[in-house]
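Residue numbers (the numbering used here): 5 to 305.
Dropping the structure here:
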């Protein structure tokens, strides 16, 4: 099998990967490159589509064909991501987000994800009964119509309690991504071992978009292009998420558009409005030291 150099765009699910892809797309288009490719390795595998070398990888980084690909895999130095497909890690961009917001974002995302799991009893049990503690499995239509604002707090707290018991793992994501702790640690350790990388913290990117300029080393466009692309991508995604589920339902919609769900909240620490304070206090007591190791020193609770 031919070896293919990969520049991974990696995150634990619901941590800003799609946001980062959109910024790269906008920057590439501004610099005159084609940026219409699908970079999601899971889509490409699932649809049996070919892998196409990325045209705007900087020659100083990779002097031969290199593939920019989005993945949610954890890093294992003894068995690199997607090695079965011939990929070797040339470098990576890693974006990570605080696990409390990640959990909420994933629960919200299941309103889309559930569509393809309507006949999957294991998925339904793990999500609705085990994680959320619901009394029964809802229909897809009923689940799609709910939101974080209409889910009872007791069920959100149940999800956080289960998340804590599993060392910050989400059952339906474990096979692909391991737990939030192990996934995040694996890529930070890879960066510390010297693998060419740009490590981005979601919350820092929100406050200071110039953080995305750390990606410049990998691409054939400069900081000014990247800065303009960040602004353009943010405006683009805000338009997608401008109409909330509540507004859509008040207008008589019965199915909530995927974009209104997917880009629901591009903010940080919104978990404070959804989980009970005593449970958040317990979470910080148990995982505060781990979070501090990842740079989360003063998360509110």
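Backbone N, C-alpha and C fix where the C-beta goes; we use that ideal spot for every residue, glycine too. Note that this is a predicted model, so its numbers are computed, not measured.
- Completely contained alpha helix (DSSP H) runs for the segment 182-228, where each covers 4 or more residues: 184-196, 206-211
- Message: Among the candidates 42, 273, 92, 64, whose CA atom is the shortest distance from the CA of residue 225?
- Response: 64
- Message: Using the Cβ count rule (16 or more neighbours within 10 Å means buried), how would you classify residue 128?
- Response: buried
- Item | Extent of the continuous beta strand (DSSP E) to which residue 100 belongs | 91-100
- Compute the distance between the beta-carbons of residue 76 and residue 219, then report whether it is under 7 Å. no
- residue 173 in three-state terms, based on DSSP: coil
- Kindly give me the distance between the Cβ atoms of residue 163 and residue 135, rounded to whole angstroms, as I take these residues to be in contact under 8 Å. 5 Å
- Where do the N-terminal and C-terminal ends of the beta strand (DSSP E) with residue 31 fall, by residue? From DSSP, residue 31 is part of no beta strand (DSSP E) but of the alpha helix (DSSP H) over 21-34.
- Message: Per the DSSP calculation, residue 147 is bridged to which residue(s)?
- Response: Looking at the DSSP assignment, residue 147 forms no beta bridge with any residue, so it has no partner.
- Query: Relative to the C-alpha of residue 78, which residue among 232, 302, 187 is closest?
  - Reply: 187
- Kindly indicate which residue of 73, 108, 66 has the alpha-carbon position closest to the one of residue 47. 73
- Task: Return yes when the Cβ of residue 216 is within less than 7 Å of the Cβ of residue 230, no when it is not.
- Result: yes
- Task: Could you tell me the distance, in whole angstroms, from the CA atom of residue 29 to the CA atom of residue 14?
- Result: 16 Å
- Item | the segment 99-113 / the segment 144-154 touching (three or more Cβ pairs under 8 Å) | yes
- Confirm, please, whether the CB-CB distance from residue 233 to residue 27 is below 7 Å. yes
- Query: Which first and last residues belong to the beta strand (DSSP E) in which residue 71 is found?
  - Reply: 70-75
- Message: Going by C-alpha to C-alpha distance, which of 125, 200, 223, 118 sits closest to residue 39?
- Response: 223
- Task: Look up residue 44 in the DSSP assignment and give the residues it is bridged to.
- Result: 74
- When the Cα atoms are used, what is the spatial distance from residue 11 to residue 57? 10 Å
- Query: If you draw a straight line from the C-alpha of residue 19 to the C-alpha of residue 271, how long is it?
  - Reply: 11 Å
- With DSSP run on the structure shown, which of helix, strand or coil describes residue 64? coil
- Item | Distance between residue 8 and residue 112 (C-alpha atoms, nearest Å) | 35 Å
- Item | Inter-residue Cα distance where the pair is residue 158 and residue 295 | 24 Å
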